[in-house]
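Chemist: According to our numbering, numbering within the sequence shown proceeds without interruption in unit steps and concludes at 359.
Cβ atoms here follow ideal geometry from the backbone N, Cα and C, with glycine treated the same way.
Once you've had a glance at the structure underneath, I'll fire off some questions.
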Amino acid sequence: MSDLKKIKNEYLLKLKSKLNLSDINQIKSELFGKNGLVSSQFKKIGTIAQSDRKKFASDLNIIKDELQNIISSKINEIENSVINEKLEKEQIDVTLPERPFVRGKIHPVSQTIDEISSIFSEIGFSVEEGPDVENEYNNFTALNTPDNHPARDMHDTFYLDEKKQRLLRTHTSPVQIRTMLKDRPPFKIIAPGRTYRSDSDQTHAPMFHQVEGLHIDKNINMSHLKGCLNYFIKEFFEVKKIKMRFRPSHFPFTEPSAEVDIGYEIKDGKIIIGEGDKWLEILGCGMVHPNVLRNVKVDPTKFQGYAFGIGIDRLAMLKYGINDLRAFFECDYRWLNHFGFDPLDVPTNYRGLSR
Ligand code: DAH
């Protein structure tokens, strides 16, 4: 029997057995691959005697076509049966009613943090973060709060070890220290985040939120602080005018220090910010104490600036008319549905400056 016939008979037989896709691909390459049986026969054509060459070539082409046809129809068959099997198994009942569509809401505190960050980023502040678990040094000592300083008691700290070395940060001010230690001045950052104190009533929760601000450069003074806070409060409450006053205060990490009040009044049971003759304390601030700068290796004869710390929850309560702080953290789904924000809504302040 000629080689061609042998190949043909052998492979016709093979193709009759039960094959899967990889068997067929294997056969295909045995026959038509670079050194496949049929391919090698084609290479041989030149060596065949002139008189037999034409017949050989025509026989070879016939065998090639026959085998190729069988192979492609087998492949088709297998692919179809895989699809049919899938269709059988994965029946979809298109008559079933749709599942209810539930969309989550953004928590008012997260929304407020986004708004605050966007307002400050408009005037060149970048956002820094620090860990909730802090060391004593960053939270107190580096911020010019010595061991026996009464501010330590005021903070009702949650300590995490007996030696009082690790704690839940009592304010976001340690992010000032972290930022200044890892970089060189100038600094212009805000640091929003969670803070903790052992305290709980209608206006205090053991976990709450603050945003820290820090601006250090060569010629930064208190008028920059006032201008910055004035801009922020107007943008945040979306009012054109704001009544604001600085009251002398004390923080170990600033000198001079101040607390800032904004004017408000109650009209028809609603709080109106920026008008009236009542005052509401909303933040603490001051010029960063030279000792703090020295602690982070910044030369206070060359650089100075201001810092502030704002209670975020209080701002959110004022802006969105929420009167019990504890509701923020109770995870009541109905409350969240009412006070939460639609994730697809653009926060009001993203439309740009309101002035
Ligand atoms: N850390 C202060 C607190 O939690 C708030 C504060 C006051 C932050 C003055 C500051 C500041 O950066 O300058 O009560």
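(1) Is cysteine 232 close to the ligand DAH? I mean its beta-carbon at under 7 Å from any heavy atom of the ligand.
(2) For isoleucine 275, which residues in the same chain have their Cβ closer than 6 Å to its Cβ, ignoring the five residues on either side in sequence?
(3) Smallest Cα separation from lysine 366: which of Leu35, Lys93 and Leu185?
(4) Ignoring anything shorter than 3 residues or poking outside the stretch 257 to 311, list the beta strand (DSSP E) runs there in chain order.
(5) Just the C-alpha distance for proline 210 and glutamate 94, rounded to the nearest angstrom, thanks.
(6) Around the Cβ of asparagine 299, are there at least 16 other Cβ atoms within 10 angstroms (buried) or fewer (exposed)?
(7) Could you tell me the boundaries of the beta strand (DSSP E) in which phenylalanine 240 lies?
(8) If you draw a straight line from the C-alpha of lysine 282 to the C-alpha of leucine 340, how long is it?
(9) Name the residue from Phe60, Lys18 and Val98 whose alpha carbon lies nearest to the alpha carbon of isoleucine 75.
(10) For aspartate 346, name the three-state secondary structure that DSSP assigns.
(11) Report yes if the C-beta distance between tyrosine 310 and histidine 228 is below 8 Å; otherwise report no.
(12) What residues in its chain sit with their C-beta under 7 Å from that of glycine 40, if we drop five residues either side in the sequence?
(13) For a minimum of 4 consecutive residues, which ranges assigned as the alpha helix (DSSP H) are wholly contained in the stretch 142 to 197?
(14) Check whether the stretch 212 to 220 touches the stretch 115 to 132, counting contact only when three or more Cβ pairs, one atom from each stretch, lie closer than 8 Å.
(15) Grab me the residues of glycine 344's own chain with a C-beta within less than 7 Å of its C-beta, minus the 5 sequence neighbours each way, in chain order.
(16) Sort out for me which residues DSSP pairs valine 215 with in a bridge.
(17) Using a Cβ-Cβ cutoff of less than 7 Å, which residues in the same chain neighbour arginine 198 once the five nearest sequence positions on both sides are dropped?
(18) Does DSSP put valine 86 in a helix, a strand or coil?
(19) Three Cβ pairs or more, each shorter than 8 Å: is that satisfied between the stretch 182 to 202 and the stretch 228 to 237?
(20) Could you check the C-alpha separation between glutamine 45 and isoleucine 31 for me, to the nearest Å?
(21) Could you check what DSSP says for aspartate 27 in three-state terms: helix, strand or coil?
(22) Return the residue from the list Thr305, Val296 and Ile266 that minimises the CA-CA distance to leucine 287.
(23) Please report the straight-line C-alpha distance between leucine 23 and glutamine 54, rounded to a whole angstrom.
(24) Comparing C-alpha positions only, which one of Arg251, Glu263, Ile82 and Leu185 sits nearest to alanine 146?
(25) Any residues whose CB sits closer than 5 Å to a heavy atom of the ligand DAH? List them in chain order?
(26) What is the DSSP secondary structure of arginine 338, reduced to helix, strand or coil?
(27) Sort out for me which residues DSSP pairs valine 139 with in a bridge.
(28) Closest to lysine 167 by C-alpha separation, out of Asp205, Gly315, Glu140 and Glu70, would be which residue?
(29) Tell me the DSSP secondary structure of valine 106 in three-state form.
(30) Quick one: any contact between the stretch 176 to 191 and the stretch 219 to 226, if contact means 3 or more CB pairs under 8 Å?
(31) Where does cysteine 289 land, buried or exposed, given buried means 16+ other C-beta within 10 angstroms?
Modeler: Put simply:
(1) no
(2) Tyr268
(3) Because the chain is modelled from 5 through 359, residue 366 falls outside the range shown and cannot be assessed.
(4) Runs of the beta strand (DSSP E) inside the stretch 257 to 311: 258 to 271, 274 to 277 and 282 to 292.
(5) 52 Å
(6) Answer is buried; the Cβ neighbour count reaches 16.
(7) Phenylalanine 240 -> not in any beta strand (DSSP E); alpha helix (DSSP H) instead, spanning 226 to 241.
(8) 30 Å
(9) The candidate whose alpha carbon is nearest that of isoleucine 75 is Lys18.
(10) Three-state DSSP puts aspartate 346 in coil, outside helix and strand.
(11) Yes, they are a contact pair.
(12) Ser33 and Glu34
(13) 154 to 158 and 178 to 186
(14) These segments touch.
(15) Lys109, Ile110, His111 and Pro112
(16) Per DSSP, the beta bridge partners of valine 215 are Pro196 and Ile314.
(17) Asp136, Met211 and His213
(18) Helix at valine 86.
(19) no
(20) 16 Å
(21) helix
(22) Ile266
(23) 40 Å
(24) If we check each option's Cα against that of alanine 146, Leu185 comes out closest.
(25) That gives His175, Ser177, Phe255, Thr258, Gly288, Cys289, Gly290, Ala311 and Gly313.
(26) helix
(27) Reading off the sequence, residue 139 comes out as asparagine, not valine. Arg170, per the DSSP bridge assignment.
(28) Glu140
(29) coil
(30) yes
(31) With 16 or more Cβ atoms within 10 Å of its Cβ, cysteine 289 is classed as buried.
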